[in-house]
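Chemist: Residue numbers (numbering that gives the first Met the number 0), protein chains in the order written: chain A, 0 to 200; chain B, 0 to 200.
Ideal Cβ placement from N, Cα and C applies to all residues, glycine included.
Only a predicted model underlies this, so the values are computations on that prediction, with no experimental measurement involved.
Number of protein chains: 2
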Amino acid sequence: MTTGARTRGEYAKSAERRQQIVDAAAEVFSSVGYRKGSLRDVADKVGLSQAGVLHHFPSKEHLLEAVLSWRDGQTARLMGDPLPEGVDFLRGLVRAAEYNATTPELVELHVIVSAEGTSADHPLREYFAGRYASVLGHTRQAFERAAELGQLRPGTDCASASRTLIALMDGLQVQWLLAPDGVDMAGDLRRYLQPLLTVEL
Amino acid sequence: MTTGARTRGEYAKSAERRQQIVDAAAEVFSSVGYRKGSLRDVADKVGLSQAGVLHHFPSKEHLLEAVLSWRDGQTARLMGDPLPEGVDFLRGLVRAAEYNATTPELVELHVIVSAEGTSADHPLREYFAGRYASVLGHTRQAFERAAELGQLRPGTDCASASRTLIALMDGLQVQWLLAPDGVDMAGDLRRYLQPLLTVEL
DNA sequence: GTCTATATACTGATAGAC
DNA sequence: GTCTATCAGTATATAGAC
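(1) Would M168(B) count as contacting chain A if we go by Cβ distances under 9 Å?
(2) Answer yes or no: the CB of E107(A) versus the heavy atoms of the ligand NAP, is any distance below 8 Å?
(3) Mind pulling the chain B residues with CB within less than 7 Å of Y191(A)?
(4) I need the boundaries of the alpha helix (DSSP H) containing T74(A), first residue and last residue.
(5) How is the alpha helix (DSSP H) around E104(A) delimited, first residue to last?
(6) Which term fits Q174(B), buried or exposed, when burial requires 16 or more other beta carbons within 10 angstroms of its beta carbon?
(7) For V182(A), return the contacting residues in chain B, with the cut-off set at a CB-CB distance below 9 Å.
(8) Mind checking who L196(B) pairs with in its DSSP beta bridge?
(9) Checking contacts by CB at 9 Å: is A4(B) closer than that to chain A?
(10) What separation, rounded to the nearest whole angstrom, lies between the Cα atoms of R190(B) and L38(A)?
(11) Three or more C-beta pairs under 8 Å: does that hold for the stretch 24-43 of chain A against the stretch 103-113 of chain A?
(12) Would a C-beta distance cut-off of 9 Å place A65(B) and A185(B) closer than the cut-off?
(13) Kindly say whether M0(A), judged by its beta-carbon, lies nearer than 9 Å to any beta-carbon of chain B.
(14) In chain order, what residues of the same chain lie with their CB nearer than 8 Å to the CB of E60(B), ignoring the 5 residues before and after it?
(15) Taking Cβ-Cβ distances shorter than 8 Å, what residues in chain B pair up with A178(A)?
(16) Report the residue from R70(B), A141(B) and S159(B) whose alpha carbon sits nearest the alpha carbon of N99(B).
(17) Using the Cα positions of Q193(B) and P81(A), report the straight-line distance between them to the nearest angstrom.
(18) Are any of the Cβ atoms in chain B nearer than 9 Å to that of R34(A)?
(19) Note down, in chain order, all residues in the stretch 99-110 of chain B with a beta-carbon under 8 Å from any beta-carbon belonging to chain A.
(20) Pick helix, strand or coil for S30(A), following the three-state DSSP scheme.
(21) Please list the terminal residues of the continuous alpha helix (DSSP H) segment that includes D156(B).
(22) Using a Cβ cut-off of 9 Å (strictly closer), state whether T117(A) contacts chain B.
(23) Counting only Cβ pairs nearer than 9 Å, list the residues of chain B close to S159(A).
(24) CB-CB under 7 Å to D40(A), same chain, minus the five flanking residues each way: which ones, in chain order?
(25) Have a look at L67(A) and F127(A) and give me their C-alpha separation to the nearest angstrom.
(26) Taking only the alpha-carbon atoms, compute the straight-line gap between E143(A) and V93(B) and give it to the nearest angstrom.
(27) Decide if A50(A) is buried, meaning its Cβ has at least 16 other Cβ atoms within 10 Å, or exposed.
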């Protein structure tokens with residue numbers, strides 16, 4: 000009983016601590032990026048020593064992975080489970096953009112960390128490549144489903160439209176972070192999407 | 000004659016040295032960003048000591064400014080001087096995207112450094128905000144000019160279209176860096192733009 | 001104009017006490 | 001589970017010799 004046995008409460012406490020650390024790390028990586036953000040900054044935010052943080056996550060890289068999968072969970076919750084199909088999926092993306100406009104910290108996390116992730120020598124480059132491939136695949140399927148239902152303007156290139164839509168979301172985030180009052184992310188998204196569709200968004 | 004007098008050759012040599020340093024810094028900041036890129040890396044690339052680099056640029060921040068204004072010069076040369084108007088300006092942007100697809104280093108510099116620049120505490124945040132405002136202004140004017148000439152589809156929102164076009168360029172760069180073979184930046188740009196126009200791109 | 005040497009600070013990670 | 005102490009590495013910037 001000395002090693003394996005623990006009460007539910009103790010597990011819950013550790014999990015809670017881990018979540019606190021992930022939250023703090025998200026804040027730090029959001030504002031200065033993963034490369035420049037330090038474990039010390041994260042530790043200070045959560046009231047722990049730097050070694051204390053490394054007890055819960057064996058390395059800085061593991062911590063970033065935890066932050067990213069937590070964020071993916073947030074997104075999935077927002078989009079709905081199971082993922083909607085066709086035009087409903089596209090509506091979900093617009094709704095996500097609306098939600099993003101209320102959380103600059105999350106937007107900045109995405110912008111800075113995915114920019115860093117394009118580097119050939121970034122430890123999580125493969126993660127980013129895989130995640131973009133997945134998102135683009137889902138979006139293309141949504142366009143294709145809409146086409147099957149006659150809800151897509153004939154002649155639309157589904158692969159190109161999905162790249163364009165995701166690129167648009169990403170690019171608008173940069174502009175919005177630099178000038179929040181000058182950019183309506185969801186509005187611009189709708190103005191791009193609506194002319195492609197034969198139904199109301 | 001001890002302080003101010005220098006021959007043309009000496010000036011030219013110093014300017015040449017500065018340019019070498021700017022080139023090296025562009026490479027370094029491209030691959031790991033401004034925050035993580037070190038003066039030592041830059042110095043090594045150009046065969047100088049770190050102190051030697053700081054003789055030419057008083058601080059790391061001054062060096063980044065030099066890199067960015069050099070890149071702006073590159074872009075301006077590509078777009079033409081004076082800047083083209085109307086649809087020709089839009090054609091210039093597509094041509095720029097075509098050129099970008101031949102220089103991943105420059106693309107990565109833009110992606111990572113402008114992502115970093117959105118941070119509230121980045122020393123050059125104002126520079127980035129100003130530069131985006133300028134680019135968006137030029138692009139909006141191009142759409143408006145096209146509208147005057149009847150080359151723009153009636154009912155097009157010029158401000159929204161300019162934000163969308165620039166966001167699209169930025170966002171496609173991220174996807175292209177992660178999967179160069181899967182993304183045709185200039186093609187996607189044309190597929191967005193052409194339906195807005197009444198003339199051939 | 002370039003160097004070496006140095007000041008000062010911070011980095012991620014490990015070892016071991018409690 | 002958290003701490004202190006520590007390591008080896010790196011950062012920007014400055015001082016002063018040449």
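Modeler: In short, the structure shows the following:
(1) yes
(2) By its list of ligands, the structure shown contains no ligand whatsoever, and the ligand NAP lies outside what it can speak to.
(3) T163
(4) K59 to M78
(5) P103 to E115
(6) buried
(7) R162 and A166
(8) L151(B)
(9) Annotation note: pLDDT 46 at A4(B) (below 50); position unreliable, coordinate value reported separately. With 9 Å as the cut-off, A4(B) does not count as an interface residue toward chain A.
(10) 44 Å
(11) yes
(12) no
(13) For M0(A), the predicted structure reports a pLDDT of 41, less than 50, and the residue's modelled location is therefore unreliable. A value from the coordinates is still provided. Not an interface residue.
(14) P122 and L123
(15) A128, Y131 and A132
(16) R70(B)
(17) 36 Å
(18) yes
(19) E107 and V110
(20) helix
(21) Segment: none, D156(B) is in no alpha helix (DSSP H) and carries neither H nor E.
(22) yes
(23) D183, G186, D187, R190 and Y191
(24) V27
(25) 10 Å
(26) 27 Å
(27) exposed
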